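Residue numbers (the working numbering): 1240 to 1573. To start, the structure itself, in structure tokens.
Here is the structure:
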């Protein structure tokens, strides 16, 4: 059943245009953060975080357990499918990075410098919470660094949440995504609460300017999501890197994995992101494939990096689905 749910989610996410536009605005994340902000005014910051973080997955797990107890009926099976598919559709690809990467590659192929610059800026903002900052601004970022970011965003937006769905079901996927959102520095959320119309118009409006250093300091509870996220990402970052090897250049990717520089000064989250970016970059095997003879990288050459980065992410996901299919056929998953 999980394999069927995954296939339906992938197809709907790629074909449902209205949902894609809604998700591209990070609508669910904004509403969750707005709920946390409002509850913080009543319960206090730390308690509100724990409530919004743990209560929804527990309620979903209880509801699904109740459905599972009544799955002898067709209605129970259909209800489980609908709840699982709806949950995943709200959680996967919150920034629609894969579609922005596709638009960037097309703009570069068409030599549309203005549109390409706009798409690059959007992808750069999507990866603003990336633990590894390789350039201070989008102007300084190379095509290779942006390709690594596309691969890392594929992990954050797709692979990680689907992995925890396979392992722990919809409640596990929801818990992981909430952990991911709360691990990021809290943005400033503005909402009008005086009238219902204003609330609907402005609910979830997020000021994406970086928070002040003072805002990033918090209690142990506030720092807990980031620490837990790094632990949750550790095993699946290595699985994702292995799938990148299978989807791209295995020998070069494996060499980058085994013989990469040892960076003991990095945190666990930074090591996870560094491994994905390093292995993904090497697996692309594009270092000697240039469309331009000049020293500077032209738009035509940039498009190759972006297109291949998106393609290797998709191939890795398809290989992952194939593995899920094998486990399903063997009876280890249902």
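Heads up, the beta-carbon is just placed ideally off N, CA and C, and yes, glycines get one too. On a predicted model such as this, the values are computed, not experimentally measured, just so you know.
- For residue 1410, the closest alpha carbon among the candidates 1248, 1558, 1420, 1296 is that of 1296.
- C-alpha of residue 1478 to C-alpha of residue 1342: approximately 28 Å in a straight line.
- Residue 1387: member of the alpha helix (DSSP H) spanning 1382–1393, first to last residue.
- Taking C-beta atoms as the reference points, residue 1241 and residue 1483 fail to come closer than 8 Å.
- Judged by beta-carbon spacing, residue 1347 lies beyond the 8 Å limit of residue 1549, meaning their Cβ atoms are not closer than that value.
- Taking every protein chain shown into account, the CB of residue 1350 has fewer than 16 other CB atoms within 10 angstroms, so this residue is exposed.
- For residue 1294, the enclosing alpha helix (DSSP H) begins and ends at 1284–1308.
- According to the DSSP assignment, residue 1459 belongs to the alpha helix (DSSP H) that extends over 1459–1486.
- Pairwise C-beta distances place the stretch 1508–1520 in contact with the stretch 1387–1395, as three or more of them are shorter than 8 Å.
- Linking residue 1386 to residue 1362 through their CA atoms gives a straight-line distance of about 10 Å.
- Secondary structure at residue 1316: helix, using DSSP grouped into helix, strand and coil.
- For residue 1413, the uninterrupted alpha helix (DSSP H) run begins and ends at 1399–1422, by DSSP.
- Setting aside the 5 residues that flank it on each side, residue 1319 is surrounded in the same chain by 1240, 1303, 1306, 1307, 1310, each with a C-beta closer than 8 Å to its C-beta; the list follows chain order.
- The beta carbon of residue 1356 lies closer than 7 Å to none in the same chain, with the five residues before and after it left out.
- Residue range 1256–1263 is occupied by the alpha helix (DSSP H) that includes residue 1261.
- Two segments are said to touch when three or more pairs of C-beta atoms, one from each, lie closer than 8 Å; by this definition the stretch 1559–1569 does not touch the stretch 1485–1500.
- If you draw a straight line from the Cα of residue 1465 to the Cα of residue 1422, it is about 4 Å long.
- Your pair residue 1458 and residue 1279 does not check out as a contact, with CB atoms roughly 12 Å apart and the cut at 8 Å.
- In the structure shown, residue 1515 falls within a helical segment according to DSSP collapsed to helix, strand and coil.
- When rounded, the separation of the alpha-carbon atoms in residue 1400 and residue 1511 is 16 Å.
- For residue 1331, the secondary structure class from DSSP, reduced to helix, strand or coil, is coil.
- A distance below 6 Å between beta-carbons, with the five flanking residues on each side excluded, links residue 1275 to the following residues of its chain, in chain order: 1287, 1291.
- Our two residues, residue 1413 and residue 1316, have alpha carbons roughly 20 Å apart in a direct line.
- Note on residue 1254: under 16 other CB atoms within 10 angstroms of its CB, so exposed under the neighbour-count rule.
- Residue 1545 places its beta carbon 8 Å or farther from that of residue 1266.
- Relative to residue 1420, the option among 1273, 1252, 1568, 1258 whose CA is nearest is 1273.
- If you ignore the 5 residues before and after residue 1335, its C-beta comes within less than 7 Å of the C-beta of 1259, 1262, 1263, all in its own chain and listed in chain order.
- Taking the Cα of residue 1269 as reference, the smallest distance to any Cα among 1383, 1417, 1382 is reached at 1417.
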